[in-house]
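Residue numbers (my numbering): 52 to 254.
Cβ atoms here follow ideal geometry from the backbone N, Cα and C, with glycine treated the same way.
Before any comments, here is the structure.
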């Protein structure tokens, strides 16, 4: 096990043992509306603790899904309702808003998926979706897709590949952006194909 991962486990385990699923929920949820927190790190450690029987894997996955979906949704409504206020107060910088709008305009739903894996972007992407007045149905679809992929990879993944997690994490950190660009593109294409097929079927 790499030193960085062992350090992460050593640092996060006492917090999870003391505060459990509540801490996991809060840390993941607050990231959805602009507050930096170690949600992803806690999810990885919780998954590894579940693999040794110290936590319940179904509960870890349920809590992570509920936290991400609710936190992201709150971020969207904050952006939609109070976005202009946040800009005027300077709590969201104009450069960050321009960057988020550019990413949303270029990648659409795929931007929501990508943002879950990019620090700095994931804390403001969902507020940005509200600011950009992304249609609610489109946001819900992107939120569900982003949350499902993220929880599967970082909640279920460590349990399934805990013996191979070291080289996989090393590869991910070296090739983070190309990996998620390709994965997101493939998922969006699959989603678009499924949606078109459903439309044709129900015409």
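Quick check on the DSSP output: the alpha helix (DSSP H) that includes residue 114 runs from which residue to which? 108-140
Would you tell me roughly how many angstroms separate the C-alpha atoms of residue 99 and residue 109, rounded to the nearest one? 13 Å
Is residue 148 closer than 8 Å to residue 171 when the C-beta atoms are compared? no
From 174, 189 and 101, residue whose alpha carbon lies closest to that of residue 207: 101
Excluding the 5 residues preceding and the 5 following residue 96 in the sequence, name in chain order all residues of the same chain whose CB lies nearer than 8 Å to its CB. 59, 60, 63, 64 and 67
What separation, rounded to the nearest whole angstrom, lies between the Cα atoms of residue 84 and residue 78? 11 Å
For residue 194 and residue 105, I'd like the C-alpha separation in whole angstroms. 29 Å
By the DSSP assignment, the alpha helix (DSSP H) with residue 86 in it spans what residues? Residue 86 -> no alpha helix (DSSP H), and no H or E assigned at all.
If you reduce the DSSP assignment to three classes, tell me which class residue 65 lands in. helix
Distance between beta carbons of residue 93 and residue 120, contact taken as under 8 Å: The Cβ separation is near 17 Å, so there is no contact.
If we ignore side chains and look at the alpha-carbon of each, how far apart do residue 155 and residue 166 end up? 10 Å
Would you call the region 137-145 and the region 194-204 touching, i.e. three or more CB-CB distances under 8 Å? no
Could you check what DSSP says for residue 174 in three-state terms: helix, strand or coil? coil
Quick check on residue 82: buried or exposed, where buried means 16 or more other Cβ atoms within 10 Å of its Cβ? buried
Looking at the unbroken alpha helix (DSSP H) that takes in residue 209, where does it start and where does it end? 208-211
Is it the case that the Cβ atoms of residue 175 and residue 151 are separated by a distance below 8 Å? yes
Between the CA atoms of residue 209 and residue 182 - distance to the nearest angstrom: 35 Å
Pull up the distance between the alpha-carbon of residue 116 and that of residue 229, whole angstroms please. 25 Å
Consult DSSP for residue 78 and reduce its assignment to one of helix, strand or coil. helix
Going straight from the alpha carbon of residue 130 to that of residue 177, what length do you get? 7 Å
Based on Cα-Cα distance, which residue from 71, 236 and 70 lies nearest to residue 157? 236
Compare the beta carbon distance of residue 118 and residue 168 with 8 Å and say whether it is the shorter of the two. no
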